[in-house]
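Chains L and U are the protein sequences, given in the same order. Sequential numbering from 0 applies to the first sequence in numbering that gives the first Met the number 0. Sequential numbering from 0 applies to the second sequence in numbering that gives the first Met the number 0.
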Amino acid sequence: MSIRPATKVTSWFGRGEVAAPTDIESAALRSDRFRLEREGDWQRLEEIVKRMEGGGLRRVDDEDLLALPTLYRTAASSLSVARETSLDAATLSYLESLVQRAWFQVYGPRKGFFAWFREFLFGGWSRAVREIWLDICIALVVMVAGAVVGWILVARDTDWYYRLVPLGLADTRVPGASREELMSTLATETDAGGLSAFAAGLFSNNAGVCILAFALGFAFGIPSLMLLIHNMAMLGAMLWLFHEAGLITEFSAWLSVHGTTELFGILLSGAAGLHIGRSMAFPGKLSVLDAAQVSGRRAAVVMVGVVLMMVIAALLEAFPRQLVDGHESRFVIGGAFLTFWLAYFFLYRPRRLYAEDAEAER
Amino acid sequence: MNTPATAYQSASATALARIDKRRRMLVTPEGIAVPVTIASRGSRLGALVLDFLIIIFSVVAFILLISFVAAGLFEEMAQAAENTISGAAEFLYICLVLFLFLARYGYFLALELGPRGATLGKRAVGIRVAARNGGRLTPEAIVARNLLRDIELFMPVIFMIIAPSGQGGSFAVAGLIWFLTFMLFPFFNKDALRAGDIIAGTWVVEAPRTKLAEAMSTQGAVAAKGKSHITGMRYEFGDEELSVYGEHELQVLERMLREAQPEALAAVHATICRKIGWDPGAGDERAFLEAFYGQLRAKLEGDMRFGVRKADKFS
């Protein structure tokens, strides 16, 4: 389409003046007279929308903001009239793009990320977790079964240990290691150097596993369950190993410091993936796409929380696990976190801040 | 005969047909029908490539910046697996890990949650994310679609890169199959949805920012009611001459008048004269076409008000 005539240099930096309208009566075609009469409003709407796109609501004057819905409806009704009475392709495409842009601003995200996050922490997350309770139960059963399977497999044939636990993770914790070696892996560090780097590395790895468990829910949830079984079988194998050396209490204590948070997070992410998978396999009254959408959004809320849990688990794994000694204090820390998570998810039920969000989610 | 004018018309006709297939009508809660065009798969791929380039470039720049600022610490940091590294190197390592995490997730999340609903690559290509059912684009939807991008894109690529060399063959092939299954997803449905879009209930639409062009009535021979500036001759067309063409030809003519070269205009001039049985002159093509446009449009719009519409010259 043709370019507008050059405007003054001042308009590049400031708001600029709106160009004086051409003589409307001189326009030969009636549809063009219609357009020229309304052009000013459309350009005002375009200005407001452009400023909102540039930086959100801060840059827009109060009166412009109040005028936005009216201008948007005016533009939309001009568009429907123009479709019926005008054959000017340039005007029609301009109006369509303008109405679309204005619609995105009028119906844009109502709150920014931080307001959403606050609401998420103070009730949104727990609500989403409670909504997937059935998948949490299924995932819990699968995880316990996985650990039991791991234990039994290794008890029968120690070769299974090497298949279940990757060498890098096993380190010196292999069948045949002496009790002293195993004890030493449960010992504490003498200083805190290098631990935050360790934590950062752990966090990346754990978050990756959780996100994988969630995203695999897309394939009807089966791969998520397999991932859970695999991880828990590894845990079962190591539990057997320490049980053989008579160190199972110490190992459980050492693990529970970060394990309660980390395993809870893995449980939630597996449940989230399973939730999506189940809703796609059994959509009920909705279409498969609609069911996937509803469950996908719920599961995404849970996943944001799981990533937070992984951060906390990584910090717990790096610092207290290495610095706190004695299995009683370790059990206390682990138990405290478990109680906190359970209370937060199942007992914390604040009233919703915005009633319309409840409407929207239905 | 393959004149430039007919080539132009047939090319624009095919382009219009393809765009029509991608048009959808969103109905807003007040009942206003907002037309949207689904972004083409090629443009989405282009936006993704651009985003990747931006991310890779900024990661490399960040690493260079760090190594420039703290060269010695950088080597120490590279052996961060040991427990005895100094506090500063450790801090650098954490910064790097966090930056990589942010680059992988935060870039897409933060930009798609903003007022323009598009990352920098998408903005360059002119597309944006929207909710499929015509409602608000919620943060949960954006989070969902971005978490799935992980398994669609980042993980298979990383998988293929770090596949162990011994069994490299089968791992790389598996990674490739994984990658292709998800990358080819948009081709198997008509709304060009990838797996993340299905789960989140979004789609990617074109976000044109058209500028308002001048009204045709205020220009040239249309404003002068058919009179040419150059020769002073007034072009007037009768009803039967104007009933040859329909709305499609009118809009092609408008596009050509707004942007085409004089040679193309001359070719159109010749075609129209042949069609309506006039003797083509030379030198005054633009005024002729503007006059023809103005009168044809007045006639077609008048008919439209009575409910008679002629889509193109064949109907």
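Backbone N, C-alpha and C fix where the C-beta goes; we use that ideal spot for every residue, glycine too.
is_contact[residue i, chain U] using C-beta, thresh 7 Å
| i | result |
| --- | --- |
| L/Phe241 | no |
| L/Ala236 | no |
| L/Ser183 | no |
| L/Leu28 | yes |
| L/Arg446 | Lying outside 0 to 361, the shown extent of chain L, residue 446 of chain L is not represented and no answer is given. |
| L/Ala291 | yes |
| L/Arg277 | no |
| L/Ala218 | no |
| L/Met302 | yes |
| L/Gly123 | no |
| L/Ala81 | no |
Separation of residue j from residue i, as counted between CA atoms
| i | j | result |
| --- | --- | --- |
| U/Gly255 | U/Arg122 | Here residue 255 of chain U turns out to be Met, not Gly, going by the sequence shown. Using only the alpha carbons, I get a separation of about 28 Å. |
| L/Thr297 | U/Val128 | The sequence shown places Arg at residue 297 of chain L, not Thr. Approximately 19 Å between the Cα atoms of the pair. |
| U/Leu192 | U/Pro155 | 19 Å |
| L/Asp87 | U/Lys298 | 13 Å |
| U/Glu262 | U/Met159 | 54 Å |
| U/Ser314 | U/Ser57 | 56 Å |
| U/Ile157 | U/Ala265 | 57 Å |
| U/Phe98 | L/Val287 | 37 Å |
| L/Ala419 | L/Ile275 | Coverage of chain L is limited to positions 0 through 361, which leaves residue 419 of chain L absent and any answer about it impossible. |
| L/Val310 | L/Leu266 | 16 Å |
| U/Asp196 | L/Ala212 | 18 Å |
| L/Thr9 | U/Thr118 | Because the pLDDT of L/Thr9 is 49, which lies under 50, any placement of that residue in the model is unreliable, and the question is left without a value. |
| U/Ser242 | U/Arg233 | 20 Å |
| L/Arg117 | U/Leu44 | 34 Å |
| U/Asp311 | U/Glu248 | 6 Å |
| U/Asn145 | U/Leu179 | 18 Å |
| L/Gly304 | L/Ser30 | 56 Å |
| L/Met182 | L/Leu238 | 14 Å |
| U/Ile141 | U/Thr217 | 46 Å |
Buried or exposed (CB count within 10 angstroms, at least 16 for buried), residue i
| i | result |
| --- | --- |
| U/Gln260 | exposed |
| U/Arg148 | buried |
| L/Val140 | exposed |
| L/Ser328 | exposed |
| L/Tyr71 | buried |
| U/Val329 | There is no way to answer for residue 329 of chain U, as the model of chain U reaches only from 0 to 314. |
| L/Pro4 | For L/Pro4, the predicted model reports a pLDDT of 49, less than 50, meaning its position is unreliable; a value from the coordinates is still stated below. Exposed. |
| L/Cys209 | buried |
| L/Gly283 | exposed |
| U/Met24 | exposed |
| L/Asn230 | buried |
| L/Leu285 | exposed |
| U/His327 | Shown here, chain U extends from 0 to 314; a query on residue 327 of chain U therefore has no answer. |
Integer Cβ distance of residue i from residue j, believed to fall under 8 Å
| i | j | result |
| --- | --- | --- |
| U/Glu289 | U/Gly219 | 4 Å |
| U/Ala222 | L/Ala27 | 6 Å |
| L/Val98 | L/Leu78 | 5 Å |
| U/Gly105 | U/Leu47 | In fact, because the Cβ distance is near 17 Å, the residues do not count as touching under 8 Å. |
| L/Glu261 | L/Asn204 | No, L/Glu261 and L/Asn204 are not in contact; Cβ-Cβ is about 11 Å, not under 8 Å. |
| U/Ala212 | U/Gly125 | Wrong, their Cβ atoms sit about 18 Å apart, outside the cutoff. |
Residues that residue i contacts on chain U, provided the C-beta gap is smaller than 7 Å
| i | result |
| --- | --- |
| L/Ile210 | Leu146 and Asp149 |
| L/Glu95 | Pro34 |
| L/Ser92 | Thr209 |
Chain L residues whose Cβ lies nearer than 9 Å to that of residue i
| i | result |
| --- | --- |
| U/Val243 | Within 9 Å Cβ-Cβ: nothing; U/Val243 doesn't reach chain L, min ~16 Å. |
| U/Met154 | Gly207, Ile210, Leu211 and Ala214 |
| U/Glu240 | Those do not exist, as U/Glu240 stays about 18 Å from chain L at its closest Cβ, beyond 9 Å. |
| U/Ala194 | Ala214 and Phe217 |
Chain L contact for residue i (CB, 7 Å cutoff)
| i | result |
| --- | --- |
| U/Lys309 | no |
| U/Ile198 | yes |
| U/Pro207 | yes |
| U/Leu110 | no |
| U/Lys224 | yes |
| U/Leu299 | yes |
| U/Gly105 | no |
| U/Val221 | yes |
| U/Glu253 | yes |
| U/Ala143 | yes |
| U/Gly306 | no |
Amino acids of chain L, ordered along the chain, whose beta-carbon sits closer than 8 Å to that of residue i
| i | result |
| --- | --- |
| U/Gln250 | Leu86 and Ala88 |
Listed by chain order, chain U residues near residue i by CB distance under 9 Å
| i | result |
| --- | --- |
| L/Arg348 | The contacting residues do not exist; L/Arg348 stays about 20 Å from chain U at best. |
| L/Leu35 | Ala214, Ser216 and Thr217 |
| L/Arg296 | Thr137, Glu139, Ala140, Val142, Ala143, Ile198, Ala199 and Gly200 |
| L/Leu322 | Correct list: empty, because the minimum Cβ distance to chain U is about 13 Å. |
Where residue i meets chain L, residues with beta-carbon distance less than 7 Å
| i | result |
| --- | --- |
| U/Leu288 | Here the premise fails: no neighbours, minimum Cβ distance about 15 Å. |
| U/Met182 | The contacting residues do not exist; U/Met182 stays about 14 Å from chain L at best. |
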